[in-house]
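Chemist:
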Amino acid sequence: MSKPAFEITVHGTPGPQGSKNKNASGALYESSAKVKPWREAVKSAALDTLAYDESWQPLREPVRLEVVFTLPRPKSHFGTGRNAGLVKPSAPQYPTGKPDTDKLLRSTQDALKDAGVLVDDSVVTDTVAAKRFVLTGADTLSHPGAVVRVWRLTQPKESES
Numbered sequence: 002m003s004k005p006a007f008e009i010t011v012h013g014t015p016g017p018q019g020s021k022n023k024n025a026s027g028a029l030y031e032s033s034a035k036v037k038p039w040r041e042a043v044k045s046a047a048l049d050t051l052a053y054d055e056s057w058q059p060l061r062e063p064v065r066l067e068v069v070f071t072l073p074r075p076k077s078h079f080g081t082g083r084n085a086g087l088v089k090p091s092a093p094q095y096p097t098g099k100p101d102t103d104k105l106l107r108s109t110q111d112a113l114k115d116a117g118v119l120v121d122d123s124v125v126t127d128t129v130a131a132k133r134f135v136l137t138g139a140d141t142l143s144h145p146g147a148v149v150r151v152w153r154l155t156q157p158k159e160s161e162s
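One gets my numbering by counting positions in the sequence shown from 1 and adding 1 to each.
1) Between the alpha carbons of L113 and V43, how many angstroms are there, rounded?
2) Do L154 and E65 have their beta-carbon atoms positioned less than 8 Å apart in this structure?
3) Report buried or exposed for P145, applying the criterion of at least 16 other Cβ atoms within 10 angstroms of its Cβ.
4) Please classify D121: does DSSP put it in a helix, a strand, or coil?
5) For H12, does the three-state DSSP call read helix, strand or coil?
6) If you reduce the DSSP assignment to three classes, tell me which class K4 lands in.
7) Using a Cβ-Cβ cutoff of less than 7 Å, which residues in the same chain neighbour F79 once the five nearest sequence positions on both sides are dropped?
8) Is E55 helix, strand or coil when you go by DSSP?
9) Where does P100 land, buried or exposed, given buried means 16+ other C-beta within 10 angstroms?
10) Where does the unbroken alpha helix (DSSP H) through T109 begin, and where does it stop?
11) State the DSSP-derived secondary structure class of E62, mapped to helix, strand or coil.
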């Protein structure tokens, strides 16, 4: 696994997918308004990358998905007055609240499938995911988004015609 089969940087606020609500007529809808824009951002970034690879075929073999989600810090983490813009010493280092990592992965995997990176999200057998605040470590961005890498775990399967 020296080089990922696919890699993108996505800009936008990561949105979780999974929880559903019912409206008055009983129709189900996503509880998070951030899901649709996030899936579109992932799909768009993936399609932009795939546009340069005419030979790309959706991955059918087992893959490892690695994602580092960069989340914005809440305003309460910052000082006020002359300390505005400075992170308080008492602010947590890691984002332990919502959104859940597994729900962020779900929306991201579905978008990768929709873009044609994966033939189906069921080919993802290994996942490594992290939630981090802006500019707090490796692969974190200066604004909300994510770094996404997909690694082949075996040789590519022949295309099923």
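Ideal Cβ placement from N, Cα and C applies to all residues, glycine included. Predicted model only: the values in this text are computed from it and were never measured.
Modeler: Walking through what the data contain:
1) Residue numbering aside, residue 113 sits at position 112 when the sequence shown is read from its first letter. Residue numbering aside, residue 43 sits at position 42 when the sequence shown is read from its first letter. Roughly 7 Å between the two C-alpha positions.
2) In the sequence shown, residue 65 corresponds to position 64, counting from 1. In the sequence shown, residue 154 corresponds to position 153, counting from 1. Looking at the sequence shown, residue 65 is not Glu but Arg. Closer than 8 Å, so yes.
3) Translated into the one-based positions of the sequence shown, residue 145 becomes position 144. It counts as buried.
4) Indexing the sequence shown from 1 puts residue 121 at position 120. DSSP places D121 in coil when its eight states are reduced to three.
5) Indexing the sequence shown from 1 puts residue 12 at position 11. Three-state result, H12: strand.
6) To locate residue 4, count along the sequence shown from 1; it is residue 3. Looking at K4 - three-state DSSP - the assignment turns out to be coil, as it is neither helix nor strand.
7) Translated into the one-based positions of the sequence shown, residue 79 becomes position 78. Only A85, G86, L87, V88 and K89 meet the Cβ criterion.
8) The count along the sequence shown starts at 1 and reaches residue 55 at position 54. DSSP places E55 in coil when its eight states are reduced to three.
9) Here residue 100 is taken as the residue at index 99 of the sequence shown, counted from 1. Buried, since its Cβ has 16 or more Cβ neighbours within 10 Å.
10) Taking the sequence shown and counting its residues from 1, the one referred to as residue 109 is at position 108. Its alpha helix (DSSP H) spans residues T102 to A116.
11) The residue you call residue 62 lines up with position 61 of the sequence shown. E62: coil per DSSP, three-state reduction.
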